[in-house]
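Worksheet for the structure shown next.
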Amino acid sequence: MSRPIKARRQIGRRLAKRFKITAIREYSAGGFVFRQSPEGEIEFLLIEDKRGRWSIAKGHIDPGETSQETALREINEETNLESLRLIELMDEIYFFYKIEGRFVHMTVFVYLVEAIKGFQEKIQVEDLEWITGVKWFSAVEAYKLIEYPDLKRLTKHAYQRITGKELIIP
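Heads up, the sequence shown is in this note's numbering, so the first residue is 1 and it goes up one at a time.
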């Protein structure tokens, strides 16, 4: 099981202080979108970026916007899904990255979100240069495709939260 959010936040601050990293703070939000397939299986909606990596729909929090509003907006913008039900905050993920010579300390609020009706089997991606694909996957397929360790862990957590069962990876 993961550490509580507060404990991980403190670890991130200690690491930044220890290595004397001065970083810009950025915040984003997104969600694990799920549905029940016609066969009754739980499926997750993943986004493929231009580097071929599969992840969740997410994006920066705009001024005056809550993380919940951002998660729903970003999911809609990146997938064209409109009938969404935000279930709960699953986790906050913290990481550092470097861009244009500056360190960025990113916090990502990850929500569990249900596609409640009107979802499409195939989703068309239009005018989003950073996205090359959007597709529904079984929970096992999603787990195997996601490269980021925190999101892999949250795939299992989301499945367990939805079904009450552990996700078994063959």
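Ideal Cβ placement from N, Cα and C applies to all residues, glycine included.
Start and end residues, beta strand (DSSP E) containing residue i
{"i": "residue 49", "result": "42 to 49"}
{"i": "residue 26", "result": "23 to 36"}
Burial state of residue i (16 or more Cβ within 10 Å)
{"i": "residue 43", "result": "buried"}
{"i": "residue 97", "result": "exposed"}
{"i": "residue 32", "result": "buried"}
{"i": "residue 155", "result": "buried"}
{"i": "residue 34", "result": "buried"}
{"i": "residue 2", "result": "With a pLDDT of 44 at residue 2, under the threshold of 50, the modelled position of that residue is not reliable, and no figure is offered here."}
{"i": "residue 100", "result": "exposed"}
{"i": "residue 67", "result": "buried"}
{"i": "residue 135", "result": "buried"}
{"i": "residue 78", "result": "buried"}
{"i": "residue 105", "result": "buried"}
{"i": "residue 159", "result": "buried"}
DSSP-derived helix/strand/coil call for residue i
{"i": "residue 53", "result": "coil"}
{"i": "residue 107", "result": "strand"}
{"i": "residue 91", "result": "strand"}
{"i": "residue 77", "result": "helix"}
{"i": "residue 132", "result": "strand"}
{"i": "residue 117", "result": "coil"}
{"i": "residue 72", "result": "helix"}
{"i": "residue 99", "result": "strand"}
{"i": "residue 167", "result": "coil"}
{"i": "residue 138", "result": "strand"}
Distance, residue j Cα to residue i Cα
{"i": "residue 169", "j": "residue 138", "result": "11 Å"}
{"i": "residue 64", "j": "residue 70", "result": "10 Å"}
{"i": "residue 167", "j": "residue 145", "result": "15 Å"}
{"i": "residue 147", "j": "residue 53", "result": "7 Å"}
{"i": "residue 27", "j": "residue 51", "result": "22 Å"}
Start and end residues, alpha helix (DSSP H) containing residue i
{"i": "residue 148", "result": "Per DSSP, residue 148 belongs to no alpha helix (DSSP H) and is neither H nor E."}
Residue-chain proximity (residue i, chain D), Cβ-Cβ < 9 Å
{"i": "residue 60", "result": "Any reference to chain D falls outside this structure, which holds one protein chain only."}
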